[in-house]
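Quick notes on the structure that follows.
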Amino acid sequence: MTRFRPCIDLHDGKVKQIVGGTLRDGGAGPTENFVSEKPSGWFAESFRQNHLTGGHIIKLGPGNDEAAREALTAWPGGMQLGGGIHADNAAEWIKAGASHVIVTSVLFDKEGRFLPEQLAALVKAVGKDRLVIDLSCRRTERGWTVAMNRWQTLTDLDVTVETLDRLAPYCDEFLIHAADVEGLCRGIDGGLVEFLGNWGEIPVTYAGGAASFADVAKVDALGQGKVDVTVGSALDLFGGKGVRYADLIAWNRR
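Just add 170 to the spot in the sequence shown (first one is 1) and you have the numbering used here.
Pasting the structure below:
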């Protein structure tokens with residue numbers, strides 16, 4: 171059964187909802203759908219009170235460590251942590267309260283070539299059961315291609331059955347944002363969800379584009395109940411109007 175997985179996206183030390191494709195180095199800042207006046211710990215405490223496990227905290231760039239630690243302190247062992255994770259600091263974040271660490275960019279060189287030795291180092295540092303591989307991707311002529319560096323750089327790794335089979339023995343879960351629809355509230359990438367559900371060998375969380383509760387139900391149907399879902403900008407908790415937080419809590423309690 172598809173579960174709702176909560177999220178806390180941190181940018182410049184604040185909880186925000188951002189249109190994913192607008193994150194860039196330098197120049198104008200990203201397009202922001204929501205900037206909270208409440209601290210990260212407030213959101214994590216709400217997730218704890220409502221028994222929402224397996225969510226993720228993502229640090230989008232520098233200046234977010236303090237807010238990340240606050241959230242992990244509020245819900246110790248209840249959330250995963252990603253953003254700037256590597257073999258030398260992964261265990262530190264587990265000690266700080268993360269159930270898992272989430273990695274993408276560290277698994278590639280600057281040109282986007284996959285580095286299996288980096289994955290091996292992370293497994294050695296925290297163990298596969300504490301590791302989530304983020305295969306967030308963009309649509310390309312090859313299908314879906316993993317994008318790193320805040321989704322700015324395409325890699326040499328495509329989201330295929332072969333890729334999932336290759337990486338699954340080295341992690342506990344996959345997290346996959348559909349970067350082209352992330353934050354737009356115009357609907358999910360149904361083809362990607364269906365592909366992930368057809369694979370379905372280990373837990374997978376999909377994020378990107380959910381605009382209504384019907385989209386949550388669509389993830390459940392297309393993913394055959396094997397794909398969990400994150401709702402961001404459309405959620406009333408983050409200023410959205412498409413999905414009620416209370417409805418997602420009730421969904422998880424079915």
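Ideal placement from N, C-alpha and C gives every residue a C-beta, glycine not left out.
Rounded straight-line distance, which links the Cα of residue j to that of residue i
| i | j | result |
| --- | --- | --- |
| T325 | V397 | 24 Å |
| C355 | R175 | 17 Å |
| F383 | G409 | 15 Å |
| Y340 | I346 | 16 Å |
| N422 | G402 | 16 Å |
| L251 | K265 | 12 Å |
| L222 | I419 | 8 Å |
| D235 | G248 | 17 Å |
| T333 | I255 | 21 Å |
| G412 | E287 | 42 Å |
| R218 | I372 | 24 Å |
| R312 | T400 | 25 Å |
| R424 | A380 | 20 Å |
| T330 | C307 | 11 Å |
| P200 | I188 | 7 Å |
| S216 | A238 | 15 Å |
| W429 | F284 | Look at the range of the chain in this structure, 171 to 424, and you will see that residue 429 is not part of it. |
| R320 | V276 | 12 Å |
| V374 | H226 | 13 Å |
Where residue i sits in the DSSP three-state scheme
| i | result |
| --- | --- |
| G313 | strand |
| I255 | coil |
| V374 | strand |
| V293 | helix |
| E127 | Examination of residue 127 is not possible in this model, given that the chain is present from 171 through 424 alone. |
| I358 | coil |
| V322 | Residue identity differs from the one stated: residue 322 is Gln in this sequence, not Val. Three-state DSSP puts Q322 in coil, outside helix and strand. |
| L285 | coil |
| T333 | helix |
| V386 | helix |
| V399 | strand |
| L305 | coil |
| K280 | coil |
| D328 | strand |
| K186 | strand |
| D342 | coil |
Short Cβ contact (8 Å threshold) for residue i with residue j
| i | j | result |
| --- | --- | --- |
| I178 | F204 | no |
| G357 | D390 | no |
| A163 | D335 | For the chain, the structure presents residues 171 to 424; residue 163 sits outside this window and is missing. |
| G393 | V363 | yes |
| G267 | T243 | yes |
| V302 | H270 | yes |
| G211 | L230 | no |
| D328 | R300 | no |
| T323 | G282 | yes |
| E434 | K186 | With the chain running from 171 to 424 in the structure shown, residue 434 is simply not present. |
| L305 | F344 | yes |
Sufficient close CB pairs (3 or more, under 8 Å) joining the region 290 to 299 to the region 355 to 367
no
Contiguous beta strand (DSSP E) assignments of at least 3 residues, all confined to the region 198 to 241
202 to 205 and 225 to 229
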